[in-house]
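Numbered per this note's numbering, the sequence shown spans residues 822 to 1010.
Where a beta carbon is used, it is the ideal one built from N, C-alpha and C, also for glycine.
Computed from a predicted model, the values in this text were never measured in an experiment.
A short write-up of the structure that comes next.
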Amino acid sequence: KIFHIPFSKIEKIQIYINAKKLTLSQIVKETGCDYAITGNFYTSDWKPTCHLKVDGVVKASDPYNYWGVAFNQGTDIVCCRVPADAKEYKNYYTCCTLIANGEKNNSVKYNKDVGGIRGRTGIGATANNLIIYGSSDGSKDAKSPEGLRDYIVSKEKGIKWFIMGDGGGKVNCYRSEEHTSELQSQFRI
């Protein structure tokens, strides 16, 4: 599913570190958020594998720059090179870049365990809307990373950027208006 959230309606975006290993329902109840998706890739021992900064504290880094998202409160969310161009932001993360600067990434990079057709998440933007995508394993919306990239390009005219998040093995998205029990899982960025 693709959700369109007008930037004018966004009050706050938060990267939630799920140290307590809560279910998505528990996180939604705790935070009162209207939307939730999985974000950064994590190892099996709960360590982030990509650049991650939360509330001004760097949680993971390496010597390279990648396209990612950066923001302070949320309405200022941008896609930029992280960490080089994101130093002024309190929050950022990188994952798998599918679209940057309005151009689809024709050489999507990811490890073998990320490939295949499975449930996916992602976050992106057009001129006026934040775009959130979420699908489940085994659903008609399950896609490969390249399949998700091509789908978003075909559906979202004027897409500026889109970063794929963690996915597979779980349901990855929550939208408050639906209150659907099938949209429950681990949420982690």
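Contact check, residue i vs residue j, beta carbons under 7 Å
i	j	result
Gly986	Thr947	no
Ile940	Gly877	For the record, residue 940 in the displayed sequence is Gly; it is not Ile. No. Outside cutoff.
Phe983	Ile920	yes
Ala905	Asn886	yes
Contacts around residue i, its chain only, beta-carbon distance under 8 Å, and the 5 residues preceding and following it disregarded
i	result
Gly968	Ile938
Thr852	Gln835 and Tyr837
Ser865	none
Contacting residues, own chain, Cβ-Cβ under 6 Å from residue i (five flanking each side not counted)
i	result
Ser965	Ile938
Lys830	none
Asp855	Ser997
Leu951	Ile826
Arg902	Asn886
Residue of the options minimising C-alpha distance to residue i
i	options	result
Ala1014	Ser846, Trp867 and Asp866	Residue 1014 lies beyond the stretch modelled for the chain, which goes from 822 to 1010, so this question has no answer here.
Ala907	Gly889, Ala921, Thr918 and Ile920	Gly889
Tyr913	Lys822, Ser957, Cys871 and Leu843	Cys871
Lys932	Val875, Glu924 and Cys916	Per the sequence presented here, residue 932 reads as Asn, with Lys not at that position. Nearest option by C-alpha distance: Cys916.
Lys842	Ala963, Cys854 and Trp867	Trp867
Cys900	Arg970, Ile980, Gly955 and Cys854	Ile980
Val935	Ile944, Ala963 and Asn949	Ala963
Lys925	Leu951, Lys978, Asp855 and Tyr995	Lys978
Asn822	Tyr910, Gly945, Ser960 and Ser956	Position check: residue 822 holds Lys in this sequence, whereas Asn was assumed. Nearest option by C-alpha distance: Ser956.
Arg996	Ile953, Lys961 and Asp958	Ile953
Lys874	Lys930, Tyr910 and Lys961	Tyr910
Ile944	Ser928, Ile898 and Arg902	Ile898
Arg970	Leu951, Arg902 and Asn927	Asn927
Identity of the residues DSSP links to residue i by a beta bridge
i	result
His872	Note: His872 sits in no beta bridge, so no partner.
Glu924	Ala921
Thr942	Gly955
Val974	According to DSSP, Val974 bridges with nothing at all.
Thr915	Gly889
7 Å CB neighbourhood of residue i in its chain, flanking five on each side removed
i	result
Phe1008	Reliability fails at Phe1008, whose pLDDT of 32 lies under 50, so the model's placement of it is uncertain and the value that follows must be treated cautiously. Excluding positions up to five away in sequence, the list reads Tyr837, Asn839, Leu845, Ile848, Ala857 and Thr859.
Asn949	Pro827 and Phe828
Margin query: Does the contact criterion of 3 or more C-beta pairs under 8 Å hold for the region 887 to 907 versus the region 825 to 835?
Written below: yes
Margin query: Contact between the region 973 to 984 and the region 871 to 886 is defined here as three or more beta-carbon pairs at a separation below 8 Å; is this criterion met?
Written below: no
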